[in-house]
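S.K.:
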Amino acid sequence: MKPRSMLVLVLLLLVFMVGSKSVYIISETERAVLLRFGEIVNDDVSPGLHFKVPFVNVVRKFDGRLLTLDARPQSFLTLEKKRLVVDAFIKWRIQDVGKYYTATSGDEFRAGDVLLTRVENELRNQFGARTLNQVVSGEREELMDQVIQQLSQVAQDELGINVLDVRVKRVELPAEVSESVYQRMRTEREREARELRSRGKELAEGIRADADRQVTIVKANAYREAEETRGEGDASAANVYASAFSRDPEFYSFYRSLTAYKASFGGEGGDVLLLKPDSDFFKYLSKPTGP
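So the sequence shown is numbered by the numbering used here: it starts at 891 and just counts up by one.
1. From which residue to which residue does the alpha helix (DSSP H) around Val1004 run?
2. Using 10 angstroms around the beta-carbon of Gln1039, count the other beta-carbons present and answer buried if the total reaches 16, otherwise exposed.
3. Taking only the alpha-carbon atoms, compute the straight-line gap between Glu929 and Met1034 and give it to the nearest angstrom.
4. Measure the alpha-carbon distance for Gln1024 versus Ala1045 and round it to whole angstroms.
5. So if DSSP puts Tyr914 in a beta bridge, which residue, or which two residues, is it bridged to?
6. Counting Cβ pairs, one atom from each stretch, are 3 or more of them under 8 Å apart for the segment 959 to 973 and the segment 927 to 944?
7. Going by beta-carbon coordinates alone, are Ile980 and Leu1041 separated by less than 9 Å?
8. Can you give the Cα-Cα distance for Glu1082 and Met1075, rounded to whole angstroms?
9. Out of Leu925, Gln1016, Asp934 and Gly938, which one is the CA nearest neighbour of Ile915?
10. When the Cα atoms are used, what is the spatial distance from Tyr1145 to Ala1116?
11. Just to confirm my understanding: we take Pro1184, look at its own chain, exclude 5 residues before and 5 after, and list those with CB closer than 6 Å. What are they?
12. What distance in whole Å lies between the Cβ atoms of Val1056 and Val1026, which are believed to be in contact at a cut-off of 8 Å?
13. Do Tyr991 and Arg926 come within 9 Å of each other at the CB atom, strictly closer than that value?
14. Does the beta-carbon of Leu902 have 16 or more other beta-carbons within 10 angstroms, so that it is buried, or is it exposed?
15. I'd like to confirm the pairing. Which residues does DSSP put opposite Ser965 in its beta bridges?
16. Below 9 Å between beta carbons: does that hold for Val948 and Leu1005?
17. Helix, strand or coil: which one does DSSP assign to Thr958?
18. Taking only three categories from DSSP, how would you classify Val946?
19. Near Glu920, what residues of its chain come up, given a Cβ to Cβ distance below 8 Å and the 5 sequence neighbours on each side ignored?
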């Protein structure tokens, strides 16, 4: 290759390198600052195609979208000195690019640490001014609004950041306190269960005793009615017997003697009965027609 051609090729390569270093593009989702030897010359470069002086100007790009930062779970004390573990998150966006770069050197992690410190301090102040019931349910929205209002102003002044939202994801008691609370709740439920069982047993005993009493009353009434009915039947039978036997006393005496003979001689035992032959017991055996 000729020296002239080589020189042209080198010049073209240098022009290409200088040109590539002179052109930069800022997208719609980015924010940027233009520096000259470390000094800000444009604190908010608009999106689009731009030119710069190579090796003199430097462009620093940052994410201009809405970002989410998870706060570390922290322990806060309420107004009544009850400790709570709070887990929150922050929604933020770069508002003043120049101030953001000056405060954090464009380091997103550094900005996050500073922002988390401010959030934790503000949450600690808000939780310390409220009771447990208020921070859990009663004034949650008001608490979040005050945190956002206070934090947004501080973040804009110090970091050039716009804090759009701060939300508490979880509020719970510490593990050692939660265990004691659960144990106390378990004990309370067991006590209520024992009371309900005792009350149920008492009601069951009352129902069972009332049922037994009613059974006894029913049996007694039935036995009384049976005895009255049996007495009435015996009386009626006695009247019938008396009426029938009064018509023929001799037949009644003969019938009674036959009944006595059957009872005496019809048994299976070997008992011995000693009577005089002329006893009244044998009067119908000795004289079948009667005396």
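Note that the Cβ used here is the ideal one computed from N, Cα and C, for glycine as well.
M.R.: Looking at the coordinates:
1. For Val1004, the enclosing alpha helix (DSSP H) covers residues Glu998 to Gly1018.
2. With fewer than 16 Cβ atoms within 10 Å of its Cβ, Gln1039 is classed as exposed.
3. Glu929 and Met1034 have their C-alpha atoms spaced approximately 38 Å apart.
4. Here the alpha carbons of Ala1045 and Gln1024 stand approximately 26 Å from one another.
5. His940, per the DSSP bridge assignment.
6. Too few Cβ pairs lie closer than 8 Å, so no.
7. Inclusion of Ile980 and Leu1041 in the CB contact set at 9 Å is warranted, their separation being smaller than that value.
8. Straight-line Cα distance between these residues: approximately 11 Å.
9. Taking only the C-alpha atoms, the option nearest Ile915 is Gly938.
10. Tyr1145 and Ala1116: Cα-Cα distance of roughly 30 Å.
11. Only positions 891 to 1181 of the chain appear in this structure, which leaves residue 1184 out of reach.
12. A Cβ-Cβ separation of about 17 Å leaves Val1026 out of contact with Val1056 under the 8 Å criterion.
13. Note that the C-beta distance between Arg926 and Tyr991 is not below 9 Å.
14. Leu902 comes out exposed.
15. Val975.
16. Between Val948 and Leu1005, the CB-CB gap reaches or exceeds 9 Å.
17. Thr958 carries a strand assignment under DSSP once its states are collapsed to helix, strand and coil.
18. Looking at Val946 - three-state DSSP - the assignment turns out to be coil, as it is neither helix nor strand.
19. Pro937, Lys951, Phe952, Asp953 and Gly954.
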